[in-house]
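J.: Here the protein sequences line up with chains A and B, keeping their order. Our numbering applies: residue 3 is where the first sequence begins, and numbers increase by one. Our numbering applies: residue 62 is where the second sequence begins, and numbers increase by one.
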Amino acid sequence: MTDDVMRFFAAWMLTHEVADEGLKAAVARGDAEGPEGMGGGPDAFVDGLAAMVAEEKERLKAALEARARGEDTGGTAGRDPALDEIRFEVAELRGRLDSIETLLQSVLRKLDG
Amino acid sequence: MASRTSTIVWTTTRHLLAALPRARFGLAPAAVRRAAWARAFRLSFEKLGPAFVKLGQLISVRPDEFSEQLVAEMRSMQDAVPALPVSAIRAVIEADFGAAPEELFATFEDTPLASASIAQVHRATLAAPYRPVWGEVLPAGGDVVVKVVRPGAAGSIRADLAIARRLAERIARTRIARRFDPLALLDEFAETLDRELDLRQEGRFADRFRFDFRDDEKVVAPRIVWSRSTSRVLTMEFIRGWRLTGLEEARAAGVDCFGLAVHGATAFMRQVFVYGRYHADLHPANIFVTPENTIAYLDFGIVGYLTPEERMNITQVMAALVYRDPERALTYSARLGVHVPPEHIDAVREGLGALLDGTTRPDGTRDFAHFGLGFLRLLGEHGVKIPSGYGLLIKSLATVEGVARALYPEIDIVAAAQPFTTRVLGQAMGDPARLKERMPAAVRAALRELVA
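In structure tokens form, the structure reads like this:
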């Protein structure tokens with residue numbers, strides 16, 4: 003039984019290692035060569051994506067390290083986009099009201115004149 | 062109306078006759094002949110006034126329907142007409158606001174800044190501060206531009222449109238109409254025109270644009286002064302800067318033209334791929350670079366809209382170009398309504414592969430216009446009907462490339478698109494609906510690999 007468990011974890015580690023090596027190779031290809039140097043096709047896209055994910059990983063690592071040092075990273079703690087959207091809609095409504103008010107004033111001026 | 066019809070027919074005929082020697086009386090090679098006729102049409106349209114100038118502008122964004130010579134010629138059409146007397150402009154302002162410009166603004170300049178087929182633009186300064194929909198308050202005394210629809214423009218354009226419709230009905234019955242549907246084109250034209258004649262729509266798009274790019278300090282659009290705007294008058298912030306024709310001065314002032322070229326191209330892709338609404342009338346006069354090292358988008362009269370599904374499919378087509386993947390381009394073009402008959406699929410795939418491989422310029426950068434317009438031509442050669450939005454978008458992307466190259470000739474817009482399309486598609490991979498759709502096939506593929 004113990005052997006089975008050991009084999010299971012060994013297989014898990016091996017799978018992880020192979021996948022990790024594969025990802026590292028894809029990142030290296032995507033990093034080193036733009037689409038010009040690639041054969042093209044879906045593999046090129048996967049390599050490009052892997053390179054970008056690796057960049058994102060580095061950014062995340064830096065942000066976590068900065069947070070651990072107690073620095074303000076700012077990045078992920080942005081304002082809720084839905085809230086911004088509502089603010090915009092309200093502001094847009096205000097713009098429309100301004101325009102309508104202008105029309106009303108124009109009508110009043112004409113009536114007065 | 063009969064006399065206007067005669068004027069239209071006579072003006073066009075006269076220019077076509079004048080083009081005969083250039084076309085060597087029909088004996089010149091096809092491309093030379095087409096270029097001669099295209100020039101004749103462009104000169105006629107310029108002569109015939111606003112409706113035809115606008116029609117020419119519409120043709121210039123439809124490479125899927127018209128020959129490349131006609132599209133190129135219409136692109137060079139000048140939308141500059143003699144200025145109207147300021148009294149006519151003042152009359153519109155007074156009719157809409159019930160007050161003279163001097164009562165509405167601190168100052169108003171009688172000499173126009175520009176005069177085009179639909180509107181004339183004057184400078185003014187604000188009498189009081191104004192809080193725009195998005196962005197900082199515009200101060201009292203701040204410079205603004207007042208865009209005013211030319212009186213009578215709507216009426217004369219619609220009258221010309223009625224005549225053009227009668228002529229189009231005749232053309233629709235002829236051989237010329239095999240390549241395009243003149244009535245459908247006129248309907249599209251009328252719709253575009255309605256939007257352009259109501260300046261509030263342009264203002265709302267400018268507001269939306271500012272909001273969409275609120276996190277990008279390098280991209281700006283003018284703030285709208287709604288208290289001084291109506292359907293015929295649009296007051297907006299005056300943006301100082303250099304047109305793309307005056308870049309030497311901008312460079313001398315320390316503007317980073319390469320950075321702005323890449324940024325401007327990326328900003329356009331963001332409009333298309335993220336928001337699904339984009340400035341569809343980009344040309345060097347509609348873009349400024351500013352002393353603050355920003356890129357300013359102006360004149361949102363013609364805009365394009367995409368549904369979320371169209372957006373994703375277009376991103377996939379762009380990714381196909383970036384990663385030279387003809388299969389992907391065909392799959393997602395089909396979802397956009399580009400249906401290649403089965404008997405033509407192999408030939409189109411082969412032609413597409415050649416296009417994707419042949420987009421490299423001698424300097425090593427890639428040429429989107431060569432690919433995009435070549436793709437449209439390839440589809441046309443195989444009798445594939447192209448949806449109008451698809452043609453417009455490809456043309457817009459080709460224009461963005463042209464604009465970016467005006468800023469920095471060595472820019473590779475395809476390389477600039479690579480991180481962007483990759484990121485958008487990568488983000489789409491996390492969409493639960495897409496995961497649900499694709500996961501069974503992905504698991505099957507993984508199992509196939511494992512047991513192979």
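Ideal Cβ positions, reconstructed from N, Cα and C, are used throughout, including at glycine. The structure displayed is predicted, hence computed values, not measured ones.
1) Determine the direct distance from the alpha carbon of B/E197 to that of B/G203, and round the result to whole angstroms.
2) Using 8 Å for Cβ pairs, my map puts B/R427 next to B/A476. What's the rounded Cβ distance?
3) Thinking C-beta only, is B/F166 closer than 8 Å to B/A188?
4) With 7 Å as the C-beta to C-beta threshold (strictly closer), list the residues of the stretch 135–163 of chain B near chain C in chain order.
5) Cβ of B/T368 less than 8 Å from any chain A Cβ?
6) Out of curiosity, what's the CA-to-CA distance linking A/A28 and A/V55?
7) Along the beta strand (DSSP E) that carries B/Q181, what are the first and last residues, could you check?
8) Could you check what DSSP says for B/E298 in three-state terms: helix, strand or coil?
9) Leaving out five residues on either side along the sequence, give the residues of the same chain with a beta carbon under 7 Å from the beta carbon of B/D268.
10) With 8 Å set as the bound, which would you pick, yes or no: does the beta-carbon of A/M54 sit closer than that to a beta-carbon of chain B?
11) Return the residue from the list B/E370, B/F334 and B/A313 that minimises the CA-CA distance to B/P352.
12) Among residues of its own chain, excluding the 5 on either side of B/A478, which ones have a beta-carbon nearer than 7 Å to its beta-carbon?
13) Can you give the Cα-Cα distance for A/E87 and B/F334, rounded to whole angstroms?
14) The alpha helix (DSSP H) with A/G97 in it runs from where to where?
15) What residues match up with A/F47 in a beta bridge as DSSP calls it?
16) Between A/A84 and chain B, is the shortest Cβ-Cβ distance under 8 Å, so that the two count as touching?
17) In three-state DSSP terms, what is B/H76?
18) Going by other Cβ atoms of all chains shown within 10 Å of its Cβ, with 16 needed for buried, is A/H18 buried or exposed?
19) Confirm the yes/no value for this check: CB of B/L109, any heavy atom of the ligand GDP, distance under 7 Å.
20) Please identify the residue among B/G444, B/L417 and B/R83 whose C-alpha is closest to the C-alpha of B/H405.
21) For A/L25, tell me which candidate among A/K59, A/K112 and A/M8 has the shortest Cα-Cα distance.
22) List the residues of chain B whose Cβ lies closer than 9 Å to the Cβ of A/A93, in chain order.
23) Looking only at DSSP bridge pairs, what is B/I285 linked to?
24) DSSP puts B/S176 in a beta bridge; with which residues?
25) Output yes or no for whether 8 Å exceeds the beta carbon distance between B/I300 and B/F266.
26) Per the contact definition of three or more C-beta pairs closer than 8 Å, is the stretch 494–509 of chain B in contact with the stretch 390–409 of chain B?
27) Rank B/V512, B/L468 and B/L247 by C-alpha distance to the C-alpha of B/A346 and give the top, closest one.
28) Please classify B/V210: does DSSP put it in a helix, a strand, or coil?
29) So, does the CB of B/I406 fall closer than 8 Å to a CB anywhere in chain A?
30) Which value, in whole angstroms, describes the spacing of the CA atoms of B/L247 and B/V512?
31) Quick check for students: name the residue ranges of the alpha helix (DSSP H) that lie wholly in the stretch 447–500 of chain B, counting only runs of 4 or more.
32) Between B/G307 and B/A357, is the Cβ-Cβ spacing less than 8 Å?
33) Run through chain B and tell me which residues come within less than 8 Å of A/T104, C-beta to C-beta.
34) Return the bridge partner residues of A/R69 from the DSSP annotation.
35) By DSSP's criteria, B/I356 is part of a beta bridge. Which residues make up the other side?
36) Select from the stretch 179–191 of chain B all residues with a C-beta closer than 7 Å to any C-beta belonging to chain A, and list them in chain order.
T.: Judging by the given coordinates:
1) For the purposes of this step, residue 203 of chain B is identified with residue 142 of the second sequence, where counting begins at 1. For the purposes of this step, residue 197 of chain B is identified with residue 136 of the second sequence, where counting begins at 1. In a straight line, the C-alpha of B/G203 is about 12 Å away from that of B/E197.
2) Along the second sequence, read from residue 1 onward, the residue named residue 427 of chain B stands at position 366. Along the second sequence, read from residue 1 onward, the residue named residue 476 of chain B stands at position 415. The pair is a contact, with the Cβ atoms about 7 Å apart (cut-off 8 Å).
3) Counted from its first residue, the second sequence places residue 188 of chain B at position 127. Counted from its first residue, the second sequence places residue 166 of chain B at position 105. Yes.
4) The chain inventory of the structure shown lacks chain C, comprising the protein chains A and B.
5) Within the second sequence, residue 368 of chain B is the residue found at index 307, counting from 1. It does not: the Cβ of B/T368 has no partner Cβ on chain A nearer than 8 Å.
6) The residue given as residue 28 of chain A occupies position 26 in the first sequence. The residue given as residue 55 of chain A occupies position 53 in the first sequence. If I take the Cα positions, the gap works out to 11 Å.
7) In the second sequence, counting from the first residue as 1, residue 181 of chain B sits at position 120. First-last of the beta strand (DSSP E) with B/Q181: A180 to L187.
8) Start at 1 with the first residue of the second sequence, and residue 298 of chain B comes out as number 237. Correct three-state label for B/E298: strand.
9) On the second sequence, residue 268 of chain B is found 207 positions in, with the first residue counted as 1. So the list reads V194, W195 and I285, once near-sequence residues are dropped.
10) As a working mapping, residue 54 of chain A is identified with position 52 in the first sequence. Judged by the 8 Å Cβ criterion, A/M54 is in contact with chain B.
11) Here residue 352 of chain B corresponds to residue number 291 of the second sequence, with the count starting at 1. Closest option to B/P352, Cα to Cα, is B/A313.
12) Locating residue 478 of chain B in the second sequence gives position 417, counting from the first residue. Here the set comprises M330, M379 and V383.
13) Here the question's residue 87 of chain A lines up with position 85 in the first sequence. Here the question's residue 334 of chain B lines up with position 273 in the second sequence. Each residue's alpha carbon lies about 19 Å from the other.
14) In the first sequence, residue 97 of chain A corresponds to position 95, counting from 1. From DSSP, the alpha helix (DSSP H) with A/G97 extends over P83 to D114.
15) For this step, residue 47 of chain A is matched to residue 45 along the first sequence. None; A/F47 has no bridge partner.
16) Counted from its first residue, the first sequence places residue 84 of chain A at position 82. It does not; no Cβ of chain B falls within 8 Å.
17) As a working note, residue 76 of chain B is residue 15 in the second sequence. In the structure shown, the three-state DSSP call for B/H76 is helix.
18) Your numbering for residue 18 of chain A matches position 16 in the first sequence. So A/H18 ends up on the exposed side.
19) Annotation note on the ligand GDP: not contained in the displayed structure, which lists no ligands.
20) What you label residue 405 of chain B is simply residue 344 of the second sequence in a count that begins at 1. Comparing C-alpha distances from B/H405 to each of B/G444, B/L417 and B/R83 shows the shortest one belongs to B/G444.
21) The residue given as residue 25 of chain A occupies position 23 in the first sequence. The candidate whose alpha carbon is nearest that of A/L25 is A/K59.
22) Sequence index remark: in the first sequence, residue 93 of chain A carries index 91 (1-based). Within chain B, the residues near A/A93 are R192, P193, V194, W195, D268 and F272.
23) By one-based count along the second sequence, residue 285 of chain B stands at place 224. Under DSSP, B/I285 forms a beta bridge with B/M297.
24) Locating residue 176 of chain B in the second sequence gives position 115, where the first residue counts as 1. Answer is B/Q181.
25) As a first step, residue 300 of chain B is located in the second sequence; it is residue number 239 there, counting from the start. As a first step, residue 266 of chain B is located in the second sequence; it is residue number 205 there, counting from the start. Contact flag unset, no.
26) no
27) Residue mapping note: residue 346 of chain B aligns to position 285 of the second sequence, counting from 1. For the residues B/V512, B/L468 and B/L247, the minimum Cα distance to B/A346 belongs to B/L468.
28) Along the second sequence, read from residue 1 onward, the residue named residue 210 of chain B stands at position 149. In this structure, B/V210 counts as strand in the three-state DSSP scheme.
29) Position 345 of the second sequence, counted from the start, is the residue given in the question as residue 406 of chain B. Output row for B/I406: interface = no.
30) By one-based count along the second sequence, residue 247 of chain B stands at place 186. By one-based count along the second sequence, residue 512 of chain B stands at place 451. B/L247 and B/V512: Cα-Cα distance of roughly 59 Å.
31) 449–468 and 474–490
32) If you number the second sequence from 1, residue 307 of chain B lands on position 246. If you number the second sequence from 1, residue 357 of chain B lands on position 296. No, these two residues do not count as a Cβ contact at 8 Å.
33) The residue you call residue 104 of chain A lines up with position 102 of the first sequence. What A/T104 touches in chain B: F158, W287, S288, R289, S290 and T291.
34) For the purposes of this step, residue 69 of chain A is taken as the residue at position 67 of the first sequence. Looking at the DSSP assignment, A/R69 forms no beta bridge with any residue, so it has no partner.
35) Position 295 of the second sequence holds residue 356 of chain B. Note: B/I356 sits in a beta bridge opposite B/V280 and B/V350.
36) The stretch 179–191 of chain B vs chain A, Cβ under 7 Å: nothing.
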